[in-house]
Structures are given as C-alpha cells and as structure tokens.
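K.L.:
Here's a structure for you.
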Amino acid sequence: MVKLQHGFTLIETLVAMVILSISFVAIWDWLSTANQTTSKIEENIVLPETIHQFHSFLMTISFDNQNEGIFEIGEHSVHWQAKLVQKSDEFLYRRQTNWIVAKYAVDFEVHSQLGVMFDNTFIIIRQWEDPNAFDTSIFSGRRIGSNG
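Now the structure itself:
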C-alpha cells in the first residue's frame, strides 16, 4: 500500500525560503535606490534656483561690512566667503580716476541634508565713487552749473 505524503520536505521549504528572501532583498534594494535617485533629482532641480537666489543676495550686500556667512534658502544653505582680488586704487595708473573698482572672488558651497551638493567661485565686480578723487572739472574751462 502506498502512503500519501502531506506537506513539503525540508529541502523544498529551504529552497522556497531562499527564493523568497532573495526576492525581498531585491525589492528592498530597488525601492532604496529609487528613493535615493528621487532625492538627488529633486536636489538637482532646486540647485539652479538656489544659486540664482544666492547670486541676487550677493548683489545686495557690501563686502566691506560682510565678507562671509551662511545664506539659507528652503532646505539648502550656502556657505560663502568673499576675498578681495584687486582694487583699482592700488595701481599707479587708473582709467577711472573718480571711481574705485574692486574685484572679489566669492567661494561658496551649497549644502543640503545629504551634504555638500555643489561648490564654485563667483567673480564679482563692484565700483563706488572715490572719496579722495581730484575734481577735474577745473581744467575743462567751464564752471560747474553754468549752461555755457
């Protein structure tokens, strides 16, 4: 008489468990990769606007009063430092005698929750009237305020 078997053997159960665990690990890895990729894509979409806002901020400040700091926008922060590269009043000959022109190098790093996203340097030119400028209107033959 033939005896019927009920259930699975130990080897069949182990093979099924291995296949199931491999599929769970593969799905978990795929979901993790998709999550990281989505985060990086979102960060890179926001990055150009963050840099644009930071550049606009730099155009509004005086580097004499503030030459480093942290600019925060949304979930990002920009760590920056401005260094004077050249200043026209340091030269013997100046093309614009009534103005001081300065060139600044602004090093910056954009930070997010994942760490440093981007780093670069802006070159920014500023100019202002020279308080020690010599009045050259006395050599023009005209008086200031006259119409003739």
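Sequential numbering from 2 applies to the sequence shown in our numbering. C-beta atoms are modelled at their ideal positions from N, C-alpha and C, and glycine is treated no differently.
Okay, do the stretch 47-67 and the stretch 110-121 touch, 3+ Cβ pairs below 8 Å being the bar?
P.N.:
Touching, per the Cβ criterion.
K.L.:
Quick one: which unbroken beta strand (DSSP E) runs of 3-plus residues sit fully inside the stretch 58-135? Chain order, please.
P.N.:
Listed in chain order, the complete beta strand (DSSP E) runs (minimum 3 residues) inside the stretch 58-135 are 69-74, 77-88, 100-113, 116-130.
K.L.:
Between Phe123 and Leu48, which are expected to be in contact by the criterion C-beta below 8 Å, what is the C-beta distance as a whole number of angstroms?
P.N.:
With 8 Å as the limit, Phe123 and Leu48 do not qualify as a contact, their Cβ atoms being about 15 Å apart.
K.L.:
Please report the Cβ distance between Val102 and Ile126, rounded to the nearest whole angstrom; I am assuming they are in contact, meaning their Cβ atoms lie under 8 Å.
P.N.:
Confirmed, Cβ separation roughly 7 Å.
K.L.:
Would DSSP call Thr10 helix, strand or coil?
P.N.:
Coil, per DSSP.
K.L.:
In angstroms, rounded to a whole number, what distance separates the CA positions of Val79 and Ala134?
P.N.:
If I take the Cα positions, the gap works out to 37 Å.
K.L.:
Apart from the five residues just before and just after Phe9, which ones in its own chain have a Cβ nearer than 7 Å to its Cβ?
P.N.:
Excluding positions up to five away in sequence, the list is empty.
K.L.:
Pull up the CB-CB distance for Glu44 and Leu115, whole angstroms please, since I reckon it's below 8 Å.
P.N.:
Rounded, the Cβ-Cβ distance is 7 Å, consistent with contact.
K.L.:
Can you tell which of Ser40, Asp131, Ala83 has its C-alpha closest to the C-alpha of Asn150?
P.N.:
The question about residue 150 has no answer here: the residues shown for the chain are numbered 2 through 149.
K.L.:
Can you list, in chain order, the residues of its chain whose CB lies under 6 Å from that of Ser89, leaving out five sequence neighbours each side?
P.N.:
Here the set comprises Arg95, Ile101, Val102.
K.L.:
Rounding to the nearest angstrom, what Cα-Cα distance links Trp129 and Thr61 in this structure?
P.N.:
Whole-angstrom Cα-Cα distance: 14 Å.
K.L.:
Quick one, are the C-beta atoms of Lys104 and Val117 less than 7 Å apart?
P.N.:
Their beta carbons are not under 7 Å apart, which means Lys104 does not touch Val117 by this criterion.
K.L.:
Phe72 and Phe58: beta carbons closer than 7 Å?
P.N.:
A contact, by the Cβ cut-off of 7 Å.
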